[in-house]
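**Student:** Please find one structure pasted underneath; my questions will follow.
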Amino acid sequence: MEKQLAFSELEWLERAELKEKFLSLPSKVVGALYIKEDGHVESTRVCEAFKQAALQLGGGVIENCHVVTIQKAKATFVLTTNKGSFTADQVVIATGADSERWFTTFDLPNPMIPMKGECFSIKPKKQEIKETLFFHDFYLVPKLDGRYIIGATSVPNDQTSDASVGGIYELMQCLFSVFPQLQPEALQSVWSGIRPGTKDGLPIIGEHPNYSGLFYATGHYRNGVLLAPATGKLVKELMIDKQVSTPVLGLISPERVVYQEVL
10 MEKQLAFSEL EWLERAELKE KFLSLPSKVV GALYIKEDGH VESTRVCEAF
60 KQAALQLGGG VIENCHVVTI QKAKATFVLT TNKGSFTADQ VVIATGADSE
110 RWFTTFDLPN PMIPMKGECF SIKPKKQEIK ETLFFHDFYL VPKLDGRYII
160 GATSVPNDQT SDASVGGIYE LMQCLFSVFP QLQPEALQSV WSGIRPGTKD
210 GLPIIGEHPN YSGLFYATGH YRNGVLLAPA TGKLVKELMI DKQVSTPVLG
260 LISPERVVYQ EVL
């Protein structure tokens, strides 16, 4: 029943139907999959919302706190940070592309592949595109303030922080090959980030096979914000309920990185 409901939200649109929805699409676009319930968010605002929700529910937040070491001491963990030491019965490694060292520290092979992504935004005089468009080599997301977000490159094993001229140029070429009319529009900003990729392309969520109380929630590549609510629910089930409702746990378990190294 769930699959039928999910598929009912998908609709294939031929060229003529697309032309009615998107007047500015070029002739090279011959069809598209339309997802009626698709949406998009501002990642920075989502993170702030998660923080505020945690605080309202009684959680605590220590900002700009860098964890230097994590050590297992009997039944607890000791975390040494730039703001002092903390002890915890359970620890979740959710440090994105920086998760690498927390695998090797706890005797697991490193499964992480940092993937640099670059984006830019423009603010056209008139926002004619109202829905997110995904193409083979780029996407365009219209925002409520009139911006178009265009992304994104994907450069493996690159952890430099600046957006490159070549990466932005590549994206612009992709954009203008479909929407040449956007070339005169105002360039607003460029930025980049490092995504937490993995060797097999799957996230790593679950408890360490040998260190009880140590959990991982990382490796989501470019879907971290999108999968954050589901990931949080799963980690809560693992840590507090001690039972999991998803059948895919074996596919995303940290234990699989041991077998990958052997193979």
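Each residue of the sequence shown is one higher than the last, beginning at 10 in my numbering.
Positions of the beta carbon are idealized from the N, C-alpha and C atoms, including for glycine.
(1) Count the other CB atoms, across all protein chains shown, that sit within 10 Å of the CB of H75; report buried if there are 16 or more and exposed otherwise.
(2) Do you know whose CA, among V244, S94 and M124, lies nearest G202's CA?
(3) Among the residues of its own chain, which have a CB less than 6 angstroms from the CB of P218, if the five just before and after it don't count?
(4) The alpha helix (DSSP H) spanning K60 covers which residue range?
(5) Grab me the residues of G40's own chain with a C-beta within less than 6 angstroms of its C-beta, minus the 5 sequence neighbours each way, in chain order.
(6) Which residue comes first and which comes last in the alpha helix (DSSP H) that contains M181?
(7) Could you name the residues that DSSP lists as bridge partners for G40?
(8) With DSSP run on the structure shown, which of helix, strand or coil describes Q190?
(9) Of the choices L223, L149 and G126, whose alpha-carbon is the least far from that of E137?
(10) Should D145 go down as buried or exposed, given a rule of 16 or more other Cβ atoms within 10 Å for buried?
(11) Which first and last residues belong to the beta strand (DSSP E) in which I71 is found?
(12) Out of V266, L235 and M121, state which residue places its alpha-carbon closest to the alpha-carbon of P205.
(13) Tell me which same chain residues have a C-beta within less than 8 angstroms of the C-beta of E51, skipping the five on either side of it?
(14) For L88, which residues from the same chain have a beta carbon less than 6 angstroms from its beta carbon, with the 5 sequence-adjacent residues on both sides left out?
(15) Have a look at F143, G155, Y230 and K135 and flag the residue whose alpha-carbon is nearest the alpha-carbon of V164.
(16) Compute the minimum distance between the beta carbon of P35 and the heavy atoms of the ligand SAH, and state whether it is under 7 angstroms.
(17) Smallest Cα separation from D209: which of L27, S262 and A58?
(18) Excluding the 5 residues flanking Q168 on each side, which residues of the same chain have their C-beta closer than 6 angstroms to its C-beta?
(19) Considering only residues of the segment 134-163, which uninterrupted beta strand (DSSP E) runs meet the minimum length of 3 residues and lie entirely inside it, listed in chain order?
(20) If we ignore side chains and look at the alpha-carbon of each, how far apart do E216 and T90 end up?
(21) Go to L258, then tell me how far its alpha helix (DSSP H) extends in each direction, as first and last residue.
**Tutor:** Here's the rundown:
(1) exposed
(2) M124
(3) E264
(4) S52 to Q65
(5) Closer than 6 angstroms at the Cβ level, and outside the excluded window around G40, lie E23.
(6) V174 to V187
(7) The secondary-structure analysis by DSSP pairs G40 across a beta bridge with E23.
(8) helix
(9) L149
(10) Per the sequence presented here, residue 145 reads as His, with Asp not at that position. Result: exposed.
(11) Looking at the DSSP string, I71 is not in any beta strand (DSSP E), and its letter there is neither H nor E.
(12) M121
(13) K152
(14) V76, I79 and F95
(15) Y230
(16) Questions concerning the ligand SAH fall outside what the structure shown contains, since it holds no ligand whatsoever.
(17) S262
(18) P123 and I203
(19) 148-151 and 157-160
(20) 23 angstroms
(21) Element bounds for L258: L258 to I261.
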